[in-house]
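Undergrad: Structure provided below as structure tokens; questions to follow.
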Amino acid sequence: MKFSHALRRTTAAVAAVGAMSLGMVATTAGTAQAAASCSGDVSMYGTLADGRLTYTQIAPGTGDRVKTLTGPNLGFTPKAMAALNFNTILVTSTTGDLYRVDVSTNNTSLTLSGVVKIWDGGWTFDKMVYDGAGHLYGTVDGELHQYVVSQAKPAGSAHIGQHVVIDTGFVLKTLAAAGDDRIVASTADGRLLSYKINGVGDWDRTVLKASGWSAVDSLSSPGGGLYYGRTNGGMYWYSDADPTDGDGSDITYHSDDPVDASGWTQSLLSTYANNCAYVPSAPPKSVQGGTIYRNEVLDRAKNWYDRNVQYDKDASALDVDGDHSYRTDCSGFVSMAWHLTSSLTTETLSSASTQINKADLRPGDALNDYSEHAVLFAGWKDQDAGTFYYYAESSPDNDMTYATANINSGNIGGHPGADYVALRYKKIA
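Okay, here's the thing in structure tokens:
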């Protein structure tokens, strides 16, 4: 039986998931760098305590602030803000009105070409972000709301509609959009979370960092795996080598080279979310028995899933390259995904892997019941709750499976979850 996602729209998007900063926690910089392709400098808007608008340009490759301009007063007290594009911002007021602010800038000045009230009341969000691909998100009382924005300069309900409540439980300290239906957030207890919104009541959540983020009071992202976080008035920047993997271990922290160490006093900050695009690098293709990157492991697994390779412990099938055959049972499938030199069994998969904690599972790892079954871990659905996605060559009745299970309870592929151990291929990169 195949497990399918609900696909909701076909808007072209920038693929970028993200993560954010650390604030006062000491970190070491990683070696990986995000492959961000930006259309010029990063554009970040803000509002000062007296209602004036600010505009800052930041060089994406170095994190250097190029310039900051201060414009006129908006004419109302702002509460939440989301940059739609380079010169259009949506801003709510403390009275619940929604305004479209049209901006004009040059090298020396910031002016407003229009401040238009497009909604009279009802916009009470404490945070608001735009994903750069047609969806506006807002949080209020722990609910995450979503709207479709159909125009670059929306004029009201005709252009901002299809309102839905995604779910409750979104009690967040900060919120930022990092790409198409992808948001990052920090919590009061210091966690850094990554969300992928699939639809109403359907979203994936991973914990990028379990602690250390409580000092960050503002997050924003221009896309492309670049993140900006304000801590104690300083603006820090971060780069995620793969902002789509829901994993925070590949984020580089530029703690010793901030945008500015102080001076960021804006009450609201928002970055143009479509400013940068994530351009994944092309890692070297694996050879049988050699080093393999996680994305390739998942691509190999998905190839058998798309082909719906039939389960048969006495048969074999070619891999995506058509060069090697693997046994078409559960452990043969994992062997194929890892590009091993032969089809191992559930009893011998450990010879090519090391055991890890289940909480540390990452896409491309495996769960193995030595006497019964093995599945390939494809990613967390809700890491806090323990739910995850997996691929498996299941049984003659089901053939290839893509499904969800819980790491903490119940069954995984028809076998007790408690009987599984988590394995990591020794040569996975």
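In terms of the working numbering, the sequence shown opens at residue 1 and continues consecutively.
All C-beta atoms, glycine included, are put in the ideal place defined by N, C-alpha and C.
1. Looking only at its own chain, which residues have a Cβ that is under 6 Å from the Cβ of residue 206, when we skip the five neighbours before and after it?
2. By Cβ distance below 8 Å, which residues in the same chain neighbour residue 217 in space, the five residues on each side in sequence not counted?
3. Hey, would you say residue 130 sits closer than 8 Å to residue 177, going by beta carbons?
4. Spatial neighbours of residue 214 within its chain, please: CB distance less than 6 Å, with the 5 preceding and 5 following residues excluded, ordered by chain position.
5. Apart from the five residues on each side of it in sequence, which residues of its chain come closer than 7 Å, Cβ to Cβ, to residue 220?
6. Given a cut-off of 8 Å, decide if residue 311 and residue 347 are closer than it, judged by their beta-carbon atoms.
7. Assuming residue 259 and residue 236 form a contact by the criterion Cβ under 8 Å, report the distance between their Cβ atoms to the nearest whole angstrom.
8. What's the C-alpha gap between residue 327 and residue 349?
9. By alpha-carbon positions, which one of 133, 138, 99, 114 ends up nearest to residue 121?
10. By the DSSP assignment, the alpha helix (DSSP H) with residue 305 in it spans what residues?
11. Can we count residue 297 as close to the ligand ATP, meaning its CB is less than 7 Å from some heavy atom?
12. Alpha carbons only, please: which of 374, 199, 427 is nearest the one belonging to residue 415?
13. Name the residue from 387, 342, 336, 330 whose alpha carbon lies nearest to the alpha carbon of residue 368.
14. From residue 93 to residue 386, what distance separates their C-alpha atoms?
15. Under three-state DSSP, which class holds residue 260?
16. For residue 425, which of 401, 365, 412, 398 has the nearest alpha-carbon?
17. Could you pull the start and end residues of the alpha helix (DSSP H) that residue 337 belongs to?
18. Given this structure, state the Cα-to-Cα distance separating residue 141 from residue 168, to the nearest angstrom.
19. According to the Cβ coordinates, are residue 80 and residue 125 closer than 8 Å?
20. How many whole angstroms separate the CB atoms of residue 276 and residue 226, which I take to be in contact at a CB cut-off of 8 Å?
21. Please determine if the stretch 80-91 and the stretch 151-163 are in contact, where contact requires at least 3 C-beta pairs separated by less than 8 Å.
22. I think residue 248 touches residue 192, with their Cβ atoms under 8 Å apart; what is that distance to the nearest whole Å?
23. May I have the straight-line CA-CA distance separating residue 145 from residue 336, to the nearest angstrom?
24. Pick out whichever of 49, 180, 422 has its Cα sitting closest to the Cα of residue 356.
25. Taking 8 Å as the limit between beta carbons, can you name the residues of its chain near residue 428, skipping five residues before and five after?
26. When burial is assigned at 16 or more other CB atoms within 10 Å of the CB, is residue 101 buried or exposed?
27. Pick from 233, 184, 182: whose alpha carbon is nearest that of residue 48?
28. Inspect the beta-carbon positions of residue 430 and residue 224 and report whether they are closer than 8 Å.
29. Using the DSSP secondary-structure output, state which residues sit across from residue 101 in a beta bridge.
30. When you compare each of 407, 222, 286 to residue 377 by their alpha carbons, which one comes out closest?
31. Can you tell me whether residue 171 is buried or exposed? The criterion is at least 16 other CB atoms within 10 Å of its CB, across all chains shown.
32. Could you round the C-beta distance between residue 149 and residue 136 to whole angstroms and report it? I think they count as a contact, below 8 Å.
33. Is the distance from the Cβ of residue 401 to the Cβ of residue 388 below 8 Å?
34. So the beta strand (DSSP E) residue 56 belongs to, where does it begin and stop?
35. Using a threshold of 8 Å, state whether the C-beta atoms of residue 105 and residue 147 are closer than that.
36. What ranges does the beta strand (DSSP E) occupy inside the stretch 178-249, keeping only unbroken runs of at least 3 residues that lie completely in it?
TA: Taking the coordinates as given:
1. As a position in the sequence shown, residue 206 is number 206, starting the count at 1. The residues are 194, 246, 380, 383.
2. Stepping through the sequence shown from its first residue, residue 217 is reached at position 217. Excluding positions up to five away in sequence, the list reads 173, 174, 230, 231.
3. By one-based count along the sequence shown, residue 130 stands at place 130. By one-based count along the sequence shown, residue 177 stands at place 177. Yes; because the gap between Cβ atoms is below 8 Å, this pair is in contact.
4. By one-based count along the sequence shown, residue 214 stands at place 214. Excluding positions up to five away in sequence, the list reads 190.
5. The sequence position of residue 220 within the sequence shown is 220, counting from 1. Closer than 7 Å at the Cβ level, and outside the excluded window around residue 220, lie 44, 176, 228, 269, 270, 271.
6. Within the sequence shown, numbered from 1, the residue matching residue 347 stands at position 347. Within the sequence shown, numbered from 1, the residue matching residue 311 stands at position 311. No, the pair does not count as a contact, with Cβ atoms beyond the cut-off.
7. To locate residue 259, count along the sequence shown from 1; it is residue 259. To locate residue 236, count along the sequence shown from 1; it is residue 236. About 7 Å; that satisfies the 8 Å criterion.
8. Walking along the sequence shown from the start, residue 327 turns up at place 327. Walking along the sequence shown from the start, residue 349 turns up at place 349. Rounded to the nearest angstrom, the two C-alpha atoms are 14 Å apart.
9. The residue given as residue 121 occupies position 121 in the sequence shown. Per the Cα distances, 99.
10. The count along the sequence shown starts at 1 and reaches residue 305 at position 305. Note, residue 305: alpha helix (DSSP H), 294-307.
11. In the structure shown, the ligand ATP is absent, as is every other ligand, since no ligand is present at all.
12. Within the sequence shown, residue 415 is the residue found at index 415, counting from 1. Residue 374 is the option with its Cα nearest to residue 415.
13. The residue given as residue 368 occupies position 368 in the sequence shown. Among 387, 342, 336, 330, the Cα nearest to that of residue 368 belongs to 330.
14. On the sequence shown, position 93 is the one that residue 93 refers to. On the sequence shown, position 386 is the one that residue 386 refers to. Residue 93 and residue 386: Cα-Cα distance of roughly 39 Å.
15. On the sequence shown, residue 260 is found 260 positions in, with the first residue counted as 1. If DSSP states are grouped into helix, strand and coil, residue 260 belongs with the strands.
16. Reading the sequence shown from its first residue, position 425 is the one you call residue 425. Checking every option, the nearest Cα to that of residue 425 belongs to 365.
17. Within the sequence shown, the letter at position 337 stands for residue 337. From DSSP, the alpha helix (DSSP H) with residue 337 extends over 330-338.
18. Translated into the one-based positions of the sequence shown, residue 141 becomes position 141. Translated into the one-based positions of the sequence shown, residue 168 becomes position 168. Rounded to whole angstroms, residue 141 to residue 168 spans 8 Å at the Cα level.
19. As a first step, residue 80 must be located in the sequence shown, where it is residue number 80. As a first step, residue 125 must be located in the sequence shown, where it is residue number 125. Yes, they are a contact pair.
20. For the purposes of this step, residue 276 is identified with residue 276 of the sequence shown, where counting begins at 1. For the purposes of this step, residue 226 is identified with residue 226 of the sequence shown, where counting begins at 1. Right, the Cβ-Cβ distance comes to about 6 Å (below 8 Å), so this counts as a contact.
21. yes
22. Residue mapping note: residue 248 aligns to position 248 of the sequence shown, counting from 1. Residue mapping note: residue 192 aligns to position 192 of the sequence shown, counting from 1. Their Cβ separation, rounded to whole angstroms, is 6 Å, which keeps residue 248 and residue 192 in contact under 8 Å.
23. Translated into positions along the sequence shown, residue 145 becomes position 145. Translated into positions along the sequence shown, residue 336 becomes position 336. About 42 Å.
24. Indexing the sequence shown from 1 puts residue 356 at position 356. The shortest Cα separation from residue 356 among 49, 180, 422 belongs to 422.
25. If you number the sequence shown from 1, residue 428 lands on position 428. 291, 292, 293, 294, 297, 338, 364, 365, listed in sequence order.
26. Counting from one through the sequence shown, the residue named residue 101 turns up at place 101. Its Cβ being crowded by 16 or more others within 10 Å, residue 101 is buried.
27. Here residue 48 is taken as the residue at index 48 of the sequence shown, counted from 1. Selected option, being the one with the closest Cα: 233.
28. Any answer about residue 430 is impossible in this case: the structure gives the chain only from 1 up to 429.
29. Numbered from its first residue, the sequence shown carries residue 101 at position 101. The partner list for residue 101 (beta bridge, DSSP) reads 89, 115.
30. Numbered from its first residue, the sequence shown carries residue 377 at position 377. The residue with the shortest Cα to Cα distance from residue 377 is 407.
31. What you label residue 171 is simply residue 171 of the sequence shown in a count that begins at 1. That one is exposed.
32. Start at 1 with the first residue of the sequence shown, and residue 149 comes out as number 149. Start at 1 with the first residue of the sequence shown, and residue 136 comes out as number 136. At roughly 5 Å, the Cβ-Cβ gap stays under 8 Å, so residue 149 and residue 136 are in contact.
33. The residue you call residue 401 lines up with position 401 of the sequence shown. The residue you call residue 388 lines up with position 388 of the sequence shown. No.
34. As a position in the sequence shown, residue 56 is number 56, starting the count at 1. Note, residue 56: beta strand (DSSP E), 52-58.
35. One-based indexing of the sequence shown puts residue 105 at position 105. One-based indexing of the sequence shown puts residue 147 at position 147. No, these two residues do not count as a Cβ contact at 8 Å.
36. 182-186, 192-199, 202-209, 216-223, 226-231, 234-240
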